[in-house]
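Single-structure report; data block below.
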Amino acid sequence: MSATSSSPRMVSFPPLLTGAEDTPATLVATSAYGHAAITTHGQAAVLPWLNAAGADGVEIRRELLPAGFTDFIGLGRACADQGLAVVYSAPSGLWETDRLAATLDQCLDEAAALGAIAIKVCLGHYPGGSLADWPALRERLAAAPPLLVENDQTPEGGTLEPLAACLEDATAAGCPLGMTFDIGNWHWTDGDPMAAARRLGPFVRYLHCKGVVLDGVNLRASVPDDGELSAWRALLTHLPAGLTRAIEYPLQGQDLVAITTEQLARLRRL
121 MSATSSSPRM VSFPPLLTGA EDTPATLVAT SAYGHAAITT HGQAAVLPWL NAAGADGVEI
181 RRELLPAGFT DFIGLGRACA DQGLAVVYSA PSGLWETDRL AATLDQCLDE AAALGAIAIK
241 VCLGHYPGGS LADWPALRER LAAAPPLLVE NDQTPEGGTL EPLAACLEDA TAAGCPLGMT
301 FDIGNWHWTD GDPMAAARRL GPFVRYLHCK GVVLDGVNLR ASVPDDGELS AWRALLTHLP
361 AGLTRAIEYP LQGQDLVAIT TEQLARLRRL
């Protein structure tokens with residue numbers, strides 16, 4: 121089945137832009153259950169768990185789809201059948217050195233076929249200022265799901281200045297570009313999450329949540345402890361109220377529905 125065929129009906133979901141609900145919308149990235157489990161069983165296998173745990177939606181990860189996967193409509197329908205909204209995460213960069221990334225159109229088509237409420241990509245190599253083709257991006261986004269750039273774990277896409285430059289330039293150009301703010305990723309680039317929240321807060325539409333611990337000489341994602349949650353509450357004062365958020369840290373154990381339910385509740389109380 122082609123990714124560009126008619127897409128399934130999108131489920132009702134609290135808007136990413138307003139956070140109008142009393143309880144913030146909270147999703148789970150499928151990667152939280154581990155690459156091995158997803159590779160073995162597929163991303164659709166976790167959807168009933170998310171439904172049972174009371175998640176508002178799911179983040180479908182492009183890098184975890186099988187090679188040659190094309191049934192985006194079917195996967196989107198499976199999400200809708202479980203009452204789950206979809207955010208589509210593609211690890212592609214938005215910008216190459218002097219142009220929009222060649223993969224952008226394909227990713228936007230896949231997100232539309234999924235019925236996604238938004239698509240998340242990395243910044244890539246933002247060329248800056250007059251070199252950025254904002255008219256072309258505006259045209260591509262006119263009939264596409266909202267596009268959000270995420271701070272990743274690279275110097276070019278995970279540090280404050282290039283992200284701020286891109287988002288500020290997009291606003292000046294009248295281009296509807298938002299941001300996924302990943303709390304944990306700032307640690308990989310030696311960034312200050314609070315300083316980033318102050319500068320980038322007006323652009324943020326979606327929050328990625330993960331604790332971070334030092335494992336030997338390497339950082340890794342972890343279940344946030346109470347101290348991290350307290351720091352996140354302070355950070356959230358600089359971001360839009362009622363911000364849609366997602367679990368992107370490991371959910372492991374015998375009763376995955378109970379574990380997911382507990383962690384969703386922790387994030388909703390932020």
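Counted from 1, the sequence shown has number 308 at position 188 by this note's numbering; the numbering is strictly sequential. Built from N, CA and C at the ideal position, the CB exists for glycine as well. Source: prediction; values computed, not measured.
- Note: G213 is bridge-paired with C242 in the DSSP secondary-structure output.
- The bridge partners DSSP lists for Y208 are I180 and I239.
- In the structure shown, the three-state DSSP call for C329 is strand.
- Going by DSSP, T291 is part of the alpha helix (DSSP H) stretching over L280 to A292.
- Three or more beta-carbon pairs drawn from the segment 161 to 178 and the segment 194 to 214 are found closer than 8 Å, and the two stretches are therefore classed as touching.
- By the beta-carbon neighbour count (other beta carbons within 10 angstroms, threshold 16), E270 is buried.
- Closest in C-alpha terms to A361, from the list R325, D335 and E348, comes R325.
- Between A238 and G298, the C-beta gap is smaller than 9 Å, which places the two residues in contact.
- The closest CA to that of D253, considering only C242, A236 and A292, is found on A292.
- Nearest to G196 by C-alpha distance, out of A187, Q163, Q226 and D312, is Q163.
- Distance from the CA atom of A232 to the CA atom of Y208, rounded to whole angstroms, is 9 Å.
- Collapsing the DSSP output to three states places R340 in a strand.
- Sequence-distant partners of A173 (beyond 5 residues in either direction) whose C-beta falls short of 7 Å from its own C-beta, in its chain, are V377, T380, T381 and L384.
- A check of alpha carbon separations from L320 across T357, V332 and K330 identifies T357 as the nearest.
- It is roughly 17 Å from the alpha-carbon of L387 to the alpha-carbon of Y153.
- Apart from sequence neighbours up to five positions away, the residues of its chain that approach F323 with a beta-carbon distance below 7 Å are L287, G298 and M299, ordered along the chain.
- Here S151 is buried, its C-beta having at least 16 other C-beta atoms within 10 Å.
- Here the alpha carbon of D310 sits roughly 11 Å from the alpha carbon of L339.
- Counting only runs of at least 4 residues, the segment 340 to 389 fully encloses the following alpha helix (DSSP H) elements, listed from N- to C-terminal order: 346 to 356 and 376 to 388.
- The alpha-carbon separation between A262 and D142 amounts to approximately 30 Å.
- The straight-line gap separating the alpha-carbon atoms of T274 and G347 is approximately 26 Å.
- Cβ atoms of G244 and L214 come within 8 Å of each other, at about 5 Å.
- Secondary-structure assignment with DSSP links A149 through a beta bridge to E179.
- Taking the CA atoms as reference points, P247 sits about 47 Å from D375.
- Take the alpha-carbon of L228 and the one of E276: they are about 22 Å apart.
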